[in-house]
Amino acid sequence: MLFSFKDFALDGERRELRARGTIVPVEPQVFDLLVYLVENRDRVVSKDDLIASVWGGRVVSDSTLDSRINAVRKAIGDNGEKQELVRTIARKGIRFVGSVQQKLDRQVAAVPLSGFAHKQEISFCRSPEKNNIAYAAVGSGPLLVKTANWLTHLEYDWESPVWSPLLQRLAQKNRLIRYDSRGNGLSDRDVEEISFEGFVRDLVAVVEATKIERFAILGISQGAAIAIAYAVSQPEKVSKLVLYGGYAKGRNRRGSTEEADKARVFLSLLHHGWGDEHSAYMRAFSAVFLPNGSPEQIKWFADLQRTTTTAENAARIRNVCDGIDVTELLPKIRVPTLVLHARHDNVVPLEQGRSLAASIPHARFVTLESDNHVLLAGEPAWDKFFLEVEAFLAT
Amino acid sequence: MTSRETQDTAMTGQIDAAQAALQELRRVQPNISLAWLAGNLPIRDDSEREHYLQAFRKAGLT
Chain A
1 MLFSFKDFAL
11 DGERRELRAR
21 GTIVPVEPQV
31 FDLLVYLVEN
41 RDRVVSKDDL
51 IASVWGGRVV
61 SDSTLDSRIN
71 AVRKAIGDNG
81 EKQELVRTIA
91 RKGIRFVGSV
101 QQKLDRQVAA
111 VPLSGFAHKQ
121 EISFCRSPEK
131 NNIAYAAVGS
141 GPLLVKTANW
151 LTHLEYDWES
161 PVWSPLLQRL
171 AQKNRLIRYD
181 SRGNGLSDRD
191 VEEISFEGFV
201 RDLVAVVEAT
211 KIERFAILGI
221 SQGAAIAIAY
231 AVSQPEKVSK
241 LVLYGGYAKG
251 RNRRGSTEEA
261 DKARVFLSLL
271 HHGWGDEHSA
281 YMRAFSAVFL
291 PNGSPEQIKW
301 FADLQRTTTT
311 AENAARIRNV
321 CDGIDVTELL
331 PKIRVPTLVL
341 HARHDNVVPL
351 EQGRSLAASI
361 PHARFVTLES
371 DNHVLLAGEP
381 AWDKFFLEVE
391 AFLAT
Chain B
396 MTSRETQDTA
406 MTGQIDAAQA
416 ALQELRRVQP
426 NISLAWLAGN
436 LPIRDDSERE
446 HYLQAFRKAG
456 LT
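Protein sequences appear in the order of chains A and B.
According to the working numbering, the residues represented by the first sequence are 1 to 395, in order.
According to the working numbering, the residues represented by the second sequence are 396 to 457, in order.
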């Protein structure tokens, strides 16, 4: 990640702090501390947090800690009196309060930044069509496989202000396995076939490569239909299904020509906006996923999409999603299923979630009071989502 | 370049982009109109939506 604030640019990958283009020399520990503060600027970080993440839990005296914090302030033109960027909150800790802009690194091989409790392991397997499919495993506990959804990137997602809180939370109690489906993320971009059946085969390939026997599946958005198709074809492997923001019928299959017209127009606008960093359509398209997202989160989502695949692949993938129809499979599901859906989801209407739950035998349905297709940390529905999902997975 | 010139260049770039986009739009939806786009565009912010539509208007969409 690249962060910028005031006159400074902070490059986590190159480990450089620059002031108006000039490198500011900083001790490694001070650099780590600054990155950690900037990454966690949405909260007050305690001394214990700092010791755990920057010093790896070693014993550190208060005076060492204070001197490093002061060194951070000095490096970015702040001090203990001004506290313009790094503020001390008495008896609670410190917080980075400067206004920060965040950019994705264009280089794929991002070095994991400090501050993450878990490190993911990324490997590759091959689909039957010989496409390289990237998958990641992280955390420990019962197995949970997350199917791929609209544009993923194993590395960027793991560090993103949109996805990382959700993924990190899931990895706290589970061995979480994710993958990038063909055509996007770290998987092969240049692929012959992009189809729904192909997406299911990507999942099959990952399950075979990881040699896992029985596991729960989380399917979000289009990932729900992939999870459903897999659970029906390989019921002995699937212990539970969690479907969030999912649908059985894509936009082109919902029986209204108006919907299909809209889908075609939006696809065309999306295709055109892809190459343009400032595209109003890309921003708007992203805002539909996250109506309550911060400008930073919306920008990140727009950038992720543009970075993780080409305009052509995005249009091909979108077209596959719009054409999904797994309605006939729903009554054949034999595993316990939890369906969750945001009441005001603007991407996939609540009705789609309701009809999934109504057609899957004995499914449990939970409506979340949210506008966001992608659930964001800190919104009221967040706690309810995890309460339901964690209870469901624990039984 | 002055900021005015930068703005003009940006505007010209947007119209070029809008013209290309419009060509493709008409291919997928031959009877597309500005009114239809205005009514269906998922851009919530009024000024941003107006700005976006303006580019299509200048590109010749009625």
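For every residue, glycine included, the Cβ atom is placed at its ideal position computed from N, Cα and C.
Check: Alpha-carbon to alpha-carbon, residue 348(A) and residue 221(A); Outcome: 8 angstroms
Check: Where the stretch 282 to 314 of chain A meets chain B: residues whose CB sits under 9 angstroms from a CB there; Outcome: 283, 284, 285, 287, 288 and 291
Check: Proximal residues of chain A, C-beta to C-beta of residue 424(B) below 7 angstroms; Outcome: 261, 264 and 265
Check: Boundaries of the alpha helix (DSSP H) in which residue 375(A) is found, first to last residue; Outcome: Per DSSP, residue 375(A) belongs to no alpha helix (DSSP H) and is neither H nor E.
Check: Counterpart residues of residue 89(A) in DSSP-defined beta bridges; Outcome: 93(A)
Check: Any C-beta of chain B under 7 angstroms from that of residue 280(A); Outcome: yes
Check: Residue 412(B) versus residue 272(A): straight-line alpha-carbon distance, rounded; Outcome: 8 angstroms
Check: Per-residue DSSP class, three states only, for residue 82(A); Outcome: coil
Check: Cβ-Cβ distance between residue 227(A) and residue 217(A) below 7 angstroms; Outcome: yes
Check: Under 8 angstroms by beta carbon: chain B residues contacting residue 276(A); Outcome: 412
Check: Proximal residues to residue 350(A) (C-beta, below 6 angstroms), its chain only, five neighbours per side dropped; Outcome: 341 and 343
Check: Partners in chain A for residue 430(B), counting only beta-carbon separations shorter than 7 angstroms; Outcome: Result: empty, since nearest Cβ-Cβ is about 13 angstroms, beyond 7 angstroms.
Check: Cut-off 6 angstroms between Cβ atoms - residues of its own chain near residue 424(B), not counting five sequence neighbours on either side; Outcome: none
Check: Proximal chain A residues relative to residue 456(B), where beta-carbon distance stays under 8 angstroms; Outcome: The contacting residues do not exist; residue 456(B) stays about 12 angstroms from chain A at best.
Check: Range of the contiguous beta strand (DSSP E) that encloses residue 244(A); Outcome: 238 to 244
Check: According to DSSP, residues forming a beta bridge with residue 364(A); Outcome: 338(A)
Check: Buried or exposed by the 16-neighbour rule on C-beta atoms within 10 Å, applied to residue 59(A); Outcome: exposed
Check: Touch test, the stretch 307 to 320 of chain A against the stretch 236 to 249 of chain A, Cβ-Cβ under 8 angstroms, three pairs minimum; Outcome: no
Check: Where residue 233(A) falls: helix, strand or coil (DSSP); Outcome: helix
Check: Distance CB(residue 200(A))-CB(residue 224(A)) smaller than 7 angstroms; Outcome: no
Check: Straight-line gap, residue 4(A) to residue 456(B) (C-alpha atoms, nearest Å); Outcome: 39 angstroms
Check: Endpoints, the beta strand (DSSP E) within which residue 135(A) is located; Outcome: 132 to 138
Check: Limits of the alpha helix (DSSP H) - the one that residue 11(A) falls within; Outcome: Unbroken run through residue 11(A) is the beta strand (DSSP E), 8 to 11; no alpha helix (DSSP H).
Check: Chain-ordered neighbours of residue 151(A) on chain B, where CB pairs are closer than 9 angstroms; Outcome: Result: empty, since nearest Cβ-Cβ is about 17 angstroms, beyond 9 angstroms.
Check: Interface flag, residue 430(A) vs chain B, CB-CB below 7 angstroms; Outcome: Outside the displayed range of chain A (1 to 395) lies residue 430(A), so it cannot be described from this structure.
Check: For residue 187(A) and residue 132(A), believed in contact at Cβ under 8 angstroms, the rounded distance; Outcome: 6 angstroms
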